[in-house]
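Student:
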Amino acid sequence: MVQKKSLFISTGALLMLSLPTQAEMLNAYIGTYAPKGEGVYLTQIDSQTGAMNKPTLAATITNGAQLVYNADQSVIYVASEINNYQGTTNGAIVAYSVAQNGTLTELNQVNSEGAGPVYLSIHPSGKFLLIANYISGSIAVYPINKDGSLEKAVSVKQSTGEPGLSYPKAAAPGSFALSDHDGPHAHMISSDPSGKFVFSTDLGLDRIYQWKFNTETGELTPNTPAFIMASSEGAGPRHFVFHPKANMMYLINEEASILTSYNFDKDKGTLTEKQSISILPVGYEGTSYASGIIINETGTSLYTVNRLHNSISQFAIDKNGEFSLVDNVWTRGDYTRTITFSPDGKFIYAMNQRSDNMVRFSVDAQTGKLTFVENYVAVPAPSQMIFAK
488 MVQKKSLFIS TGALLMLSLP TQAEMLNAYI GTYAPKGEGV YLTQIDSQTG AMNKPTLAAT
548 ITNGAQLVYN ADQSVIYVAS EINNYQGTTN GAIVAYSVAQ NGTLTELNQV NSEGAGPVYL
608 SIHPSGKFLL IANYISGSIA VYPINKDGSL EKAVSVKQST GEPGLSYPKA AAPGSFALSD
668 HDGPHAHMIS SDPSGKFVFS TDLGLDRIYQ WKFNTETGEL TPNTPAFIMA SSEGAGPRHF
728 VFHPKANMMY LINEEASILT SYNFDKDKGT LTEKQSISIL PVGYEGTSYA SGIIINETGT
788 SLYTVNRLHN SISQFAIDKN GEFSLVDNVW TRGDYTRTIT FSPDGKFIYA MNQRSDNMVR
848 FSVDAQTGKL TFVENYVAVP APSQMIFAK
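Under the numbering used here, the first residue of the sequence shown carries the number 488, and numbering increases by one thereafter.
(1) Please classify TYR654: does DSSP put it in a helix, a strand, or coil?
(2) Looking at ASN793 and GLY932, is the spacing between their C-beta atoms short of 8 Å?
(3) Answer yes or no: does any C-beta atom of chain D fall closer than 8 Å to that of SER788?
(4) DSSP three-state label for GLY756, please.
(5) Can you have a look at ASN466 and say buried or exposed, based on whether 16 or more other CB atoms are within 10 angstroms of its CB?
(6) Can you pull the DSSP bridge partners for GLY630?
(7) Check whether the Cβ atoms of VAL816 and SER798 lie closer than 8 Å to each other.
(8) From ALA664 to ARG841, what distance separates their C-alpha atoms?
(9) Give the DSSP-derived three-state secondary structure of GLN470 in the structure shown.
(10) Assign ASN557 to buried or exposed, taking buried as 16 or more other Cβ atoms, counted over all protein chains shown, within 10 Å of its Cβ.
(11) Once you ignore the five residues that flank THR530 on each side, which residues in its own chain have a CB closer than 6 Å to its CB?
(12) Assuming contact is defined by CB atoms lying nearer than 8 Å, are TYR749 and GLU760 in contact in what I supplied?
(13) Taking only the alpha-carbon atoms, compute the straight-line gap between LEU758 and ARG725 and give it to the nearest angstrom.
(14) Touch check for the region 677-684 and the region 600-615: three-plus C-beta pairs under 8 Å?
(15) Once DSSP output is grouped into helix, strand and coil, what is the label at GLY518?
(16) Work out the CA separation of GLY574 and ALA658 for me, nearest whole Å.
(17) Count the CB pairs spanning the region 565-580 and the region 546-555 that are closer than 8 Å, and state whether there are at least three.
Below, the structure is given as structure tokens:
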């Protein structure tokens, strides 16, 4: 005879099932600019409410403004935007091991192979760190050891060419966003989702470089064509994101304050321009600089940051990858460098550099619209924040 399983559940068990999940305190690290910021700060954030605790200094490092986790989040890499590393005019990259309580311990340092390291990313394989050096216009690839420390760069590429147009043709009327079209200025480097291709932007030359990536050695080789030009003269390509589902890339142009989309050929590793729209409100006149860009996990909402205008622009993305401006929300601070999602995507945090604070917005699950949450947190000259997920 087959014995029937009991369907009895105790009252205590029912109560446990009905109780909400207990909130966790998530560690998040914030990179800052000197002289106000002393290095990398640690804050703890409530996983349910998104509330931020007062940050504390976790690592003293000059201009440790850019940072990224390794694949398993046991190590953080920080770019130090100094100009005198070991007697050179270059910056430094510092690797820190991360303890469970959030303490950072230095593992090693390497030469950034250029001046002004402003962007770090991890290759999808987890085996390489990619960096972009803004002042010198160079990019570099570093193998990552098993303990998370960095080896010397295995591939270094230096941009050369004619500077882009000083005045951005597509900028808003009255704009004086005229900076840095005086030579090469690499601003970002990152892989496509497959890891077979790498892209880097050069604001000074108005170029988006297309690279083939050797996943065994880390060597970069030019694709065909080696680069494409920005969507308009003097636009100043800065940061980009890939669509999580479609073969699309979205890129912000810093000087022109334009968002441009590209069809991505996943077999050839090349981009084809598709659409461009201003990230500023209709009718805006004056100067503004695009800075940050993020996209949600479903690929339906994309957000960009406008410095000087001090706003976050929300774009809706349709099933064809085309986008339209939905809203502009005040950042509640000055000169916002970057924005980042909470791990669950329910909040967006903004780093307001000149007003020395960090703020958060709740994200509507259906529409993607942002609502400011009253929770200002003082941080000296914040640049970027990363979460432990």
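All residues carry an ideal CB built from backbone N, CA and C; glycine is no exception.
Tutor: For this structure:
(1) Coil at TYR654, not helix or strand.
(2) Nothing can be reported for residue 932, as the shown portion of the chain is limited to 488 through 876.
(3) Judged by its chain identifiers, the structure shown contains no chain D, having just a single protein chain.
(4) Coil.
(5) Residue 466 is absent from the structure shown; the chain starts at 488 and stops at 876.
(6) Per the sequence presented here, residue 630 reads as Pro, with Gly not at that position. In the DSSP assignment, PRO630 is bridged to PHE615.
(7) In contact: VAL816 and SER798 (Cβ atoms closer than 8 Å).
(8) Taking the straight line joining both Cα atoms gives about 18 Å.
(9) Nothing about residue 470 can be read from this structure; the chain reaches only from 488 to 876.
(10) ASN557 sits buried, since 16 or more C-beta atoms from the chains shown fall within 10 Å of its C-beta.
(11) Correct list, in chain order: ALA515, MET539, ASN540 and PRO542.
(12) Cβ atoms of TYR749 and GLU760: closer than 8 Å.
(13) Each residue's alpha carbon lies about 16 Å from the other.
(14) Verdict: yes, contact present.
(15) Three-state DSSP puts GLY518 in a strand.
(16) Answer to the nearest angstrom: the Cα atoms are 40 Å apart.
(17) Enough Cβ pairs lie closer than 8 Å, so yes.
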